[in-house]
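Just below is one structure, and these are the notes that go with it.
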Amino acid sequence: SEFLAGVGGRLVEEEIDILVSTVDTYQDEIAAYRRAAASQKVDAFILHSPRLHDERAELLMDLKIPFVLHGRTNVSAPVAWLDIDNTGAIERATSHLLDLGHRRIALLNGVRGRTFAEHRELGYLAALSARGVAFDPALMGNSAFTDEVAFRMAQAMLELKPRPTAFLAGSMMTALGVFRAIRQAGLALGTDVSMIAHDDVFPYLNADNMYPTMSTTRSSIRQAGVRVAELILQILAGKPAGDVHELWPVELVLRESSGPAPDR
């Protein structure tokens, strides 16, 4: 992934290798951490996409092994982390759609329980509440970021009466599925239905190359990987984990896919 490319590219400069384990279940992942720690061949860990209550972080604290979170988790002890402002990003994107007259705004979010997804939901709900717009649970979807799942969720939402006039897509892959559902419904993106997607800045999926061009909240996941690697180096050099906290702002880039609500 782009995140691993960023991590690996930075650590190779220090002649440090990274070890990647593939697992099928969360419990398999916990077991892999235990094996790696027992081998005494691992100096530190990077925990990606943490949960609100992350057993991995608690385990590594118990084992007294350094780690950095890419994201955040609700643990009482001081931990090192780098995160993007998911709450602020989605609150700003939702507010922009509300400014355009949209009141039926759907959020296709990540898997429930993942901290980033919970933070995005908070931003969405805060923006609706600030404008006095009632939250409709039928306009909220949680899933892995795949175009097929997004297509099915968006398809069902577009059959609602009244249907959503705008979508917030949790990833560019999600946006592809939503776009397909919009076209299948005979609607036009940017006029009949608007969309803002989150863009991790993948080189193979460029928002400027889509038609119409895609409005996005943008933050480079590769650069996050580079910075997390640098934070790991700081931790290994003795910097206290409680002093390693970075919250990155997220850019809102407006393009052709977001326009006024159709009844405005």
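Our numbering applies: residue 56 is where the sequence shown begins, and numbers increase by one.
We put the beta carbon where it would ideally sit given N, CA and C, even for glycine.
If you ignore the 5 residues before and after M228, its C-beta comes within less than 8 Å of the C-beta of F200, T201, D202, A205, L260, all in its own chain and listed in chain order. Between F222 and I145, the CB-CB gap reaches or exceeds 9 Å.
A209 and S226 have their alpha carbons spaced roughly 14 Å apart. DSSP links F100 through a beta bridge to F122. Taking 3 residues as the shortest admissible run, the region 108 to 181 contains the following complete beta strand (DSSP E) segments, listed from N- to C-terminal end: 122 to 125, 135 to 139, 160 to 164.
In the three-state scheme derived from DSSP, where H, G and I count as helix and E and B as strand, T229 is classed as helix. In the pairwise beta carbon analysis, the region 79 to 96 is classified as not touching the region 135 to 154: fewer than three pairs are separated by under 8 Å.
Under the three-state reduction of DSSP output, L66 falls in the helix class. Per DSSP, the unbroken alpha helix (DSSP H) holding M208 starts and ends at 202 to 213.
Looking at F190, S198, Q239, the one whose alpha-carbon comes closest to that of E214 is Q239.
T271 has A252, V308 as its beta-bridge partners, per DSSP. Assigned with DSSP and collapsed to three states, L59 falls in helix. Nearest in C-alpha terms to L291, of all of R127, V308, V123, is V123. Residues of the same chain with a CB within less than 6 Å of the CB of D255, apart from the 5 flanking positions on each side, are I276 in chain order. Rounded to whole angstroms, the gap between the alpha carbons of G156 and V305 is 23 Å.
Note on geometry: alpha-carbon atoms of A189 and Y81 lie some 36 Å from one another. The residues A87, in chain order, have a CB closer than 6 Å to that of S76 in the same chain once the five nearest residues on each side in sequence are set aside. The beta carbons of L152 and V233 sit no closer together than 9 Å. Here DSSP, grouped into helix, strand and coil, assigns N261 to coil.
In the displayed model, R235 falls within a helix according to three-state DSSP.
In the three-state reduction of the DSSP assignment, R218 falls in the coil class, being assigned neither a helical nor a strand state. H125 counts as buried, since no fewer than 16 other beta carbons sit within 10 angstroms of its beta carbon. Across the set G297, A211, F171, L194, the C-alpha of F171 shows the shortest separation from the C-alpha of W303.
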